[in-house]
Amino acid sequence: MSDRILGAVCVVVAACMAWAAQDYVPAFSYEPVGPRAFPRLLAALMAIGGAWLVLKPSLVGNPLQGTPVKLIGLSAATVFVYALLFQVLGFPLATAVMAVPVGTSFGGNWKQSLVGGIGLGLGFYLLFDKLLDVVLPTGILSFIFGGR
Amino acid sequence: MMETLQHLFNGFGVAMLPMNLLVAALGAFLGTVVGMLPGLGPINGVAILMPLAFALKLPPETALILLAAVYVGCEYGGRISSILLNVPGDAGAIMTTLDGYPMARKGLGGVALSISAWSSFVGSMVATVGIVMFAPVLARWALAFGPAEYFALMCFAFACITGLMGDAPMKAALAAIIGLSLSTIGLDSNSGVYRFTGGDVHLSDGIQFIVVVIGVFSISEILLMLEHQHSSAGMIKETGRKLFNWMELKFTWWSTFRSSVVGFIVGVLPGAGATIASAMTYSMEKRIAGSSGTFGDGDIRGLAAPEAANNASAAGSFVPMLTLGVPGSGTTAVMVGALSLYNITPGPALFTQQPALVWGLIASLFIANVMLLLINIPLVGVFTKMLSVPNWLLVPGILAVSTVGVYAVHATTFDLMLMVGFGVIGYLLRKQSVPMAPLILGFVLGDLMEQNLRRALSITNGEIGILFESPISIGLWICAVTMVVLPPVVRFVLRKRIQPDQATV
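Those sequence lines, one after another, are chains A and B. If you read the first sequence in the working numbering, its first letter stands for residue 14, the second for the next number, and so on. If you read the second sequence in the working numbering, its first letter stands for residue 11, the second for the next number, and so on.
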C-alpha cells in the first residue's frame, strides 16, 4: 500500500515540476537545449517511475508497523525546534535544551540528559568556537559568552 | 611508470606535512569510532565531518585526506562491533558477523579482532597499490572523453547503482531522479533563468550540498536509530590471545589476498560497493574451502575474506571518483560534493592540474592504513570501551555536530530548517526502502550531467545522435543497458536453479 502512496506522490511531484518548468524559457537563447528540457525529462522519468510503483507495488507489508510513531514524531519536532531556535537561544543553550527530549527518547533519564546536554553545549562551543574558529551563535546568552 | 613513481614520491611529500599527518591520524581514529558504532557508517561519518573540514578552512588536499582517512577508518571500525556484539557497525561489515561473532564466543575474540585488522590492512594496501597502477592510465584515457561520452558515462554510473541495488531497482532509480531534480533548483547559469525557487532568495543559489547530505544521512539516521535501539549488554569480552599466530596468518593468507583483489575490482565498478564485495568474497571463499571449511561457525577465513574485500573496495571506489569524476559509491559522492565546495571538479584533468591533491591523497591512504593497523591492533581496547558510550549522550552529540556543520556554511536558520525537512523526507523514503546513495549521486552529478548533455547537443545543434556516435559512448551505453538488464535475469535464473534444492542457502 505505502508503495502506492510513494508512487502517487512521485507522479504528483512530477506533474508540479512539469507545470512549473513550462515558463523556463530564456529571453535569449544561445544553445539548442534550453533550461527547460532537462527538468522536463526528469519530470517525465519521475512520473514513469511513480506510475510503475502504483501499478506494481512490492508485496511487503505495512512498513509503519511496529514503528514508535510518537517517539519519532517527538524527536522530529525536537530537531525542528532546535533548528528554529538555534540562532535565537544560541548554540550552548539550544543544545542543552535539545538534549533532554532526545536523550530521554534514547533511554536516558531527564537528569542525565540535561547534564549531558549542558556538557555537550559547553564542550562543543569551546571546541568549535574558541579552539577551532568555527563561529557559533550565542543568542540570548551572548552577555556570558560574548559574540552575537 | 617512472613518472608515476615520481608523482607518488611528491605525493608522500604532501602527505608527510605535519598538518596532513595529524589530520590523517585524526581521521583514522574518528573513522574507526564512527564505523564501529552501529547505525553509523562511512557515509554518515564523511557527511558529518565534511562541513566541519570546510568550516575549519582546511586546504582542499587536507580536507580530502581527512575524509579519506575517515572512510577507510570506518571500514576498519565496522568489524569491531560485528565481532564483539554480533551487530555490524556498518553495512560492509555484515558478513563479518557470520564468523567473527562465533569466534569471539569461542574465546578467540582477540584473535578475531587482530586477524581482521590485518586482513583489512592487506585489503586496503592491495587496493591502494591498485589505484597507483590503474588510476593514471584510466585518467589519461579519459582525457579523450567529450561531453557525449561523459553523459553516457554518467548514465552508466546510474545504471550500475540502480541495477545493483538488489530488490528495489525502481526505487533506486527514483532516488536518483529525485537527486537529479534537486540539483536543478536555483539559477541556471547558462540562461539566467531561476528554476524551482518559488521566488525565494534563499534558493536562488540552489540547495547547499551539505544541507542535503546532513539531512538525508544524519538527521534521518537519528530517527531511524530510534527504531532499533539495542544495548551493549551482549558484548563479549575479548579474552585470551590478543594477536594471531603464524599458523593463522599462513592459513588465511590466500583468502585475504584473493578477496583483496576481488574487492578492489568490485570497488572500481561504479555502484557496487563494500557490501557487495564482502558478500561476494565470502561465498567465494566458502566455495573454495568446500567441506574443509566451518563457515558460519567461526572459520577464520570467513572472517578474513570479507574484511579484506570491504576495505579493498572502499579504496577501489576512489578510482572512478579521481579519474573520471564519477563517484562509484555514496561515500565518494559525498567527497565529490566536498571538492565542489572548493570549486574543484574531479575528473581526468585533476591528475594534471592538481597533482598535489591527487597524489597527496593516494600517499596518505598508504600512511593512514599503517596508522590504522597500529591503532587497531594494540589499541583495540580503547575502542571497545567506546562502544559503551550511551546513546542518550551520543545521539544529541551527533545532532549538535551535524547542525554546527550546516550552520557553519551560511549561518542561516533557513538552511537548518531545510536540513530538518530533508531529514524527515529522507526518513520517510528510507522507511519505504528507497536507498539514499543514488539520491546523493544524482544531486552531485546533476549539474554536470545537464551541462554535458547541453554541450553535446550544442555541437550538433540539437541532433540527439551525437550521444551514440563514438565507440566509447556506444560501449558505455551497452554496459549501462547490461547493468540494468543483467541483474534481474541472473536473479531469475538463480531462483530457478535454486528451487529444486532449497536446503542450501
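C-beta: ideal position from N, C-alpha, C; glycine also. In this text, all values refer to a predicted model and were calculated from it rather than measured experimentally.
Strictly below 7 Å CB to CB, what residues from chain B border V92/A? Within 7 Å Cβ-Cβ: I229, L409, V430 and G433.
(Q) What residue range does the alpha helix (DSSP H) around N96/B cover? (A) No alpha helix (DSSP H) holds N96/B; DSSP gives it neither H nor E.
* To do: Find the residues of chain B that neighbour P45/A, judging by a C-beta separation of less than 9 Å, and give them in chain order.
  => Against P45/A, the close residues of chain B are R464, L467, S468, T470, N471, G472 and E473, in the order they occur along the chain (beta-carbon pairs closer than 9 Å).
Quick one: is L426/B near chain A, going by C-beta distance under 8 Å? Judged by the 8 Å Cβ criterion, L426/B is in contact with chain A.
task = Output yes if chain B places a C-beta closer than 8 Å to the C-beta of T151/A; else output no.
result = In terms of beta-carbon proximity, T151/A stays away from the interface with chain B, with every pair separated by 8 Å or more.
**Message:** Looking only at its chain, what residues have a beta carbon closer than 7 Å to the beta carbon of T470/B, apart from the 5 residues adjacent to it on each side?
**Reply:** Excluding its 5 nearest sequence neighbours in each direction, T470/B has C-beta neighbours in its own chain below 7 Å: I476, listed in chain order.
So that I know if they touch, is there some Cβ in chain B lying closer than 8 Å to that of F99/A? So, interface residue.
message = Counting only C-beta atoms, is G159/A closer than 8 Å to chain B at any point?
response = Judged by the 8 Å Cβ criterion, G159/A is not in contact with chain B.
Report task. Tell whether a beta-carbon distance below 8 Å holds between A319/B and T291/B. Result -> Going by C-beta atoms, A319/B is nearer than 8 Å to T291/B.
- Item | E44/A, enclosing alpha helix (DSSP H) - first and last residue | Per DSSP, E44/A belongs to no alpha helix (DSSP H) and is neither H nor E.
Practice prompt. Give, in chain order, every residue of the region 136-148 of chain A whose Cβ lies closer than 8 Å to some Cβ of chain B.
Written response: Result list: F137, F141, L145, D146, V147 and V148.
*For the region 189-200 of chain B, which residues have a beta carbon sitting closer than 9 Å to at least one beta carbon of chain A?*
Residues of the region 189-200 of chain B that bring their beta carbon within less than 9 Å of a beta carbon in chain A comprise L190, S191, T194, D198 and N200, in sequence order.
Query raised in the report: So, V414/B versus V56/B, is the Cβ gap smaller than 8 Å?
Result: Between V414/B and V56/B, the gap from beta carbon to beta carbon reaches 8 Å or more.
Report task. Give the single residue among H212/B, G173/B and G436/B whose Cα lies nearest to the Cα of V499/B. Result -> Nearest option by C-alpha distance: G173/B.
- Mind pulling the chain B residues with CB within less than 7 Å of I85/A? The CB of I85/A comes closer than 7 Å to the CB of L233 and L236 in chain B, given here in chain order.
CB of A114/B within 8 Å of CB of I310/B, strictly: Result no, Cβ atoms of A114/B and I310/B do not sit closer than 8 Å.
For a contact meaning CB atoms closer than 7 Å, what does M180/B contact in chain A?
-> In chain order: G62, W65 and L66.
* To do: For M429/B, I'd like the list of residues in its chain whose CB is within less than 7 Å of its CB, leaving aside the five on either flank, ordered along the chain.
  => Contacts found: V221, I224, G225, I229 and V416.
**Prompt:** Excluding five sequence neighbours on each side, which residues of the same chain lie with their C-beta closer than 7 Å to the C-beta of T91/A?
**Reply:** The residues are M111, P114 and V115.
Which residues in chain D sit within 9 Å of N30/B, going by Cβ to Cβ distance?
Absence of chain D from the displayed structure is noted, the protein chains being A and B.
Of the listed residues L139/A, S88/A, I153/A and K143/A, nearest to L236/B (C-alpha basis) | Of the listed residues, the one whose Cα sits closest to L236/B is S88/A.
- [ ] Specify, as a first and last residue, the run of the alpha helix (DSSP H) that A325/B falls within.
- [x] Looking at the DSSP string, the run of the alpha helix (DSSP H) that includes A325/B is I310 to G326.
Requested in this report: Closer than 9 Å, Cβ to Cβ, to anything on chain A: give me those residues from the region 39-71 of chain B, in chain order.
Outcome: Of all residues in the region 39-71 of chain B, L62, A65, L66 and K67 have a Cβ within less than 9 Å of some Cβ in chain A.
- Message: According to DSSP, is Y352/B part of a helix, a strand, or is it coil?
- Response: Taken through DSSP and simplified to helix, strand or coil, Y352/B comes out as coil.
- [ ] Let me know the secondary structure DSSP gives S242/B once reduced to three states.
- [x] Annotation note: pLDDT 49 at S242/B (below 50); position unreliable, no value reported.
Taking 8 Å as the CB-CB limit, is A31/A close to chain B? With respect to chain B, the C-beta atom of A31/A has no partner C-beta closer than 8 Å.
Can you look up G391/B in the DSSP assignment and give me helix, strand or coil?
The answer is helix: DSSP assigns G391/B an H, G or I state.
Q) Assuming A25/B and A373/B make a contact with CB atoms under 8 Å, what is their CB distance in whole Å? A) For A25/B against A373/B, the beta-carbon gap comes to about 4 Å, under 8 Å, which counts as contact.
Q. Assuming I90/B and T285/B make a contact with CB atoms under 8 Å, what is their CB distance in whole Å?
A. I90/B to T285/B, Cβ: 18 Å. No contact.
Item to check | Best match in G130/A, R17/A and A60/A for proximity to S191/B [C-alpha to C-alpha] | outcome: If we check each option's Cα against that of S191/B, A60/A comes out closest.
* Quick one: using the 10 Å Cβ neighbour count with 16 as the cut-off for buried, is N122/A buried or exposed? => The residue in question, N122/A, is exposed, as its Cβ has fewer than 16 Cβ neighbours within 10 Å.
*If we count the other Cβ atoms within 10 Å of its Cβ and call it buried at 16 or more, is H17/B buried or exposed?*
When all chains shown are included, H17/B counts as buried.
- Can you grab the Cα-Cα spacing for the pair R440/B / M446/B, in whole Å? Cα-Cα distance, rounded: 7 Å.
request  = Evaluate contact between the region 201-220 of chain B and the region 28-44 of chain A, counting only Cβ atoms and requiring at least three cross-stretch pairs below 8 Å.
outcome  = The region 201-220 of chain B makes contact with the region 28-44 of chain A, as at least three CB pairs between them are under 8 Å.
Cutting at 8 Å between CB atoms, please list the residues of its own chain near P179/B, excluding the five before and the five after it.
Counting only Cβ-Cβ distances below 8 Å, and skipping sequence neighbours, we find T172, G173, V494, P497 and P498.
Please list the partners that V414/B has in chain A, where partner means a Cβ-to-Cβ separation under 8 Å. Per Cβ cutoff of 8 Å: F104, F137, F141, V147 and L149.
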